[in-house]
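Q:
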Amino acid sequence: MSDLLRAPAEIKYAEELDWLESVDDGPKPFSWRLSPKMVRLFILGSERADGIDREISQKWFGDRSFVERSIVTLASDRGLLLIGDPGTGKSWLAELLSAAISRNSTLVVQGTAGTTEDHIKYSWNVSMVIAKGQSRESMIPSPIMTAMEQGSIGRFEELTRSTSDVQDALISVLSEKYISVPELDSDNIVFAKPGFSVIATANSRDRGVNDLSSALKRRFNFVRIPVVTNKKSEAEIVRFRTEELLRRHRIELDVPPTLLDVLLQSFADLRASAAAAGSDDEKLESALSTAEQIGVLEDAILHSNFFGARALTARTLASSLVGSLARRDPEDLAILNKYLHGVVEPRSKEAGGSWPEFLEGGRDAIATLS
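Residue numbers for the sequence shown follow our numbering, so the first one is 250 and each next one is one higher.
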């Protein structure tokens, strides 16, 4: 695993998954590797009431009901659609579910404007077709077809980014549970084995790009993943991801809890400002998600490690926040400048602590970008 830039969940947590399989005596739907209770435990982590002999780390932070509904859906014959704002952990939850159920989370189709029907069904190895003709050997199965043949979970990222033709092709897969290969004279139908299902994700901000048809919606159970607004939960997520980052980069750098509080409060302030804004021009282009918050902290940590005094400071954190969130010039810079003067400046005078240095760092970063 050490030679992988980013190991999939089934490799990263292989030891936990092996152990859970060894002690799992619960009923398993179809060809699932773990029972539904163990899938939930793997994702949400162990509690004392679970009565197991080792601690299982929590990997996804959110409402338990979202995970349970997702698991129940995948145990049925319906697909699962995780929908929410960017950075709410939809893809991570999909990966964890696939890893726990199938021990393979890599059967993924990425939805874009360039995604075609071939990405859902199959294509051909042209050189083999020329040499030997069309056959099962010269066919290149899509990740979805591979999941059907294996009876495992296929994933479709950013479903609403793909065109209506691609979405229509997915309807037949979800409803009929087979794919026809008319180019072949025999052995020309690939049937899905028990355990096959599809987890799709959709960005709620993409509404209107390629809206899902009512026919496709009927094939999915929807689970809406909200933006995390609870400070305690958000702090746990940021702390969890930060610890992973430090381990991956082998960085020994302290992240003071006071600076984590500054980051959490800054995002809470900016979200409140966006909620009160009268138009999109008065809002940051950023979704201000937990994932973007983690990105700001990651940027600050790496900058401090490589170019600073190997200690995270409020000045560096402010610079990273401005640099990460100022995507439109001058609109986003003006919004951030207003926030610094209207909120951070009075707070730095009243509360002190890290806020005065955070204010100074933010002002310097805006001046540099202006």
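By construction, the Cβ of each residue, glycine as well, lies at the ideal position given by its N, Cα and C atoms.
Predicted, not measured: the structure shown is a model, and the values here were computed from it.
According to DSSP, simplified to helix, strand and coil, what is V288?
A: Position 39 of the sequence shown holds residue 288. Correct three-state label for V288: helix.
Q: Spatial neighbours of G457 within its chain, please: C-beta separation below 6 angstroms, excluding the five flanking residues on both sides.
A: Taking the sequence shown and counting its residues from 1, the one referred to as residue 457 is at position 208. Caution applies to G457, whose pLDDT of 46 falls short of 50 and renders its modelled position unreliable; the model cannot decide the point.
Q: Report buried or exposed for N452, applying the criterion of at least 16 other Cβ atoms within 10 angstroms of its Cβ.
A: Counting from one through the sequence shown, the residue named residue 452 turns up at place 203. Buried, because 16 or more other Cβ atoms sit within 10 Å of the Cβ of N452.
Q: Starting from the N-terminal side, write out each stretch of the beta strand (DSSP E) that is 3 residues or longer and does not extend beyond the region 527 to 578.
A: none
Q: Roughly how many angstroms separate the alpha carbons of G360 and E599, rounded to a whole number?
A: The residue you call residue 360 lines up with position 111 of the sequence shown. The residue you call residue 599 lines up with position 350 of the sequence shown. One C-alpha to the other measures close to 49 angstroms.
Q: Helix, strand or coil for P392? Go by DSSP, reduced to three states.
A: What you label residue 392 is simply residue 143 of the sequence shown in a count that begins at 1. Helix.
Q: Taking P605 as the reference, give the member of I402, L254, T507, G328 with the closest Cα.
A: Translated into positions along the sequence shown, residue 605 becomes position 356. The candidate whose alpha carbon is nearest that of P605 is T507.
Q: Which of the three DSSP states is assigned to I438 in this structure?
A: Against the sequence shown, residue 438 aligns to sequence position 189. In this structure, I438 counts as strand in the three-state DSSP scheme.
Q: Given this structure, state the Cα-to-Cα distance separating K480 from R488, to the nearest angstrom.
A: Translated into the one-based positions of the sequence shown, residue 480 becomes position 231. Translated into the one-based positions of the sequence shown, residue 488 becomes position 239. So the alpha carbons of these two residues sit roughly 12 angstroms apart.
Q: Take L356 and list the residues in its own chain whose beta-carbon comes closer than 6 angstroms to its own, dropping the five residues that flank it on each side.
A: Here residue 356 refers to the residue found at position 107 of the sequence shown. Non-local beta-carbon contacts of L356 in its own chain, meaning distances under 6 angstroms to residues more than five positions away in sequence, involve P392, T395, A396, G403 in chain order.
Q: Taking 8 angstroms as the CB-CB limit, is S319 close to chain D?
A: Checking the listed chains, one finds no chain D in this structure; it contains a single protein chain.
Q: Output the distance between the C-alpha atoms of W373 and V447, rounded to the nearest integer angstrom.
A: By one-based count along the sequence shown, residue 373 stands at place 124. By one-based count along the sequence shown, residue 447 stands at place 198. If you take the alpha carbons of W373 and V447, they lie about 23 angstroms apart.
Q: Would you identify the three-state DSSP class for F469, choosing helix, strand or coil?
A: Within the sequence shown, residue 469 is the residue found at index 220, counting from 1. Strand, per DSSP.
Q: Going residue by residue through the region 279 to 352, where are the continuous alpha helix (DSSP H) segments of at least 4 residues, counting only ones entirely within it?
A: 285 to 293, 313 to 323, 339 to 351
Q: So is D267 buried or exposed if we call it buried at 16+ other beta carbons inside 10 Å?
A: The count along the sequence shown starts at 1 and reaches residue 267 at position 18. By the neighbour-count rule (16 or more Cβ atoms within 10 Å), D267 is not buried but exposed.
Q: Cα-Cα, which of D334, D417, N586 is closest to L465?
A: Looking up residue 465 in the sequence shown gives position 216. When only C-alpha atoms are compared, the closest one is D417.
Q: Could you check if N437 is buried or exposed, using at least 16 other CB atoms within 10 Å of its CB as the buried criterion?
A: Here residue 437 corresponds to residue number 188 of the sequence shown, with the count starting at 1. N437 is exposed by the Cβ-count criterion.
Q: With V472 and L331 assumed to form a contact (beta carbons below 8 angstroms), what rounded beta-carbon distance in angstroms separates them?
A: On the sequence shown, residue 472 is found 223 positions in, with the first residue counted as 1. On the sequence shown, residue 331 is found 82 positions in, with the first residue counted as 1. Right, the Cβ-Cβ distance comes to about 5 angstroms (below 8 angstroms), so this counts as a contact.
Q: Identify, in the order they occur along the chain, each residue of the same chain with its Cβ nearer than 8 angstroms to the Cβ of S460, setting aside the five sequence neighbours on each side.
A: Walking along the sequence shown from the start, residue 460 turns up at place 211. At residue 460 the sequence reads Asp, which differs from the Ser that was named. A distance below 8 angstroms between beta-carbons, with the five flanking residues on each side excluded, links D460 to the following residues of its chain, in chain order: T409.
Q: Excluding five sequence neighbours on each side, which residues of the same chain lie with their C-beta closer than 7 angstroms to the C-beta of A575?
A: Position 326 of the sequence shown, counted from the start, is the residue given in the question as residue 575. Cβ neighbours of A575 beyond the five flanking positions: D581, L582, L585, L618.
Q: Do T450 and S528 have their beta-carbon atoms positioned less than 8 angstroms apart in this structure?
A: As a working mapping, residue 528 is identified with position 279 in the sequence shown. As a working mapping, residue 450 is identified with position 201 in the sequence shown. In this structure, T450 does not lie closer than 8 angstroms to S528 by Cβ.
Q: Using the Cβ count rule (16 or more neighbours within 10 Å means buried), how would you classify E296?
A: In the sequence shown, residue 296 corresponds to position 47, counting from 1. Classification of E296: exposed, given that the 10 Å Cβ count is below 16.
Q: Cβ of F607 within 8 angstroms of Cβ of L566?
A: Here the question's residue 607 lines up with position 358 in the sequence shown. Here the question's residue 566 lines up with position 317 in the sequence shown. At a Cβ-Cβ threshold of 8 angstroms, F607 and L566 count as neighbours.
Q: Tell me whether F556 is buried or exposed, calling it buried when 16 or more other Cβ atoms sit within 10 Å of its Cβ.
A: The count along the sequence shown starts at 1 and reaches residue 556 at position 307. Exposed.
Q: To the nearest angstrom, how far is it from the Cα of D548 to the Cα of S384?
A: Residue numbering aside, residue 548 sits at position 299 when the sequence shown is read from its first letter. Residue numbering aside, residue 384 sits at position 135 when the sequence shown is read from its first letter. Computed Cα separation, rounded: 50 angstroms.
Q: Taking only three categories from DSSP, how would you classify G363?
A: Counting from 1 along the sequence shown, the entry for residue 363 is found at position 114. Coil, per DSSP.
Q: Out of V592, D367, G611, which has the shortest C-alpha to C-alpha gap to S569?
A: By one-based count along the sequence shown, residue 569 stands at place 320. Checked all of V592, D367, G611; the closest Cα to S569 is G611.
Q: Please name the residue or residues paired with V357 in a DSSP beta bridge.
A: Translated into positions along the sequence shown, residue 357 becomes position 108. Per DSSP, R404.
Q: So, helix, strand or coil for N586, using DSSP?
A: Locating residue 586 in the sequence shown gives position 337, where the first residue counts as 1. It is helical.
Q: What residues match up with N452 in a beta bridge as DSSP calls it?
A: Against the sequence shown, residue 452 aligns to sequence position 203. Answer by DSSP bridge pairing, in chain order: G333.
Q: What is the DSSP secondary structure of S603, counted as helix, strand or coil?
A: On the sequence shown, residue 603 is found 354 positions in, with the first residue counted as 1. S603: coil per DSSP, three-state reduction.
Q: Express the C-alpha separation of F310 and E688 in angstroms, rounding to a whole number.
A: There is simply no residue 688 to check, as the chain begins at 250 and stops at 619 in what is shown.
Q: For the putative contact between L342 and S319, defined by C-beta atoms under 8 angstroms, what is the C-beta separation to the nearest angstrom?
A: Here the question's residue 342 lines up with position 93 in the sequence shown. Here the question's residue 319 lines up with position 70 in the sequence shown. Right, their Cβ atoms sit about 7 angstroms apart.
Q: For E534 and G602, I'd like the C-alpha separation in whole angstroms.
A: As a working note, residue 534 is residue 285 in the sequence shown. As a working note, residue 602 is residue 353 in the sequence shown. Taking the straight line from one Cα to the other gives about 29 angstroms.
Q: Which stretch, first to last residue, makes up the beta strand (DSSP E) that contains S372?
A: Residue mapping note: residue 372 aligns to position 123 of the sequence shown, counting from 1. First-last of the beta strand (DSSP E) with S372: 371 to 373.
Q: How far does the alpha helix (DSSP H) with I500 in it extend, from its first residue to its last?
A: For the purposes of this step, residue 500 is taken as the residue at position 251 of the sequence shown. Neither: I500 is in no alpha helix (DSSP H) and is coded neither H nor E.
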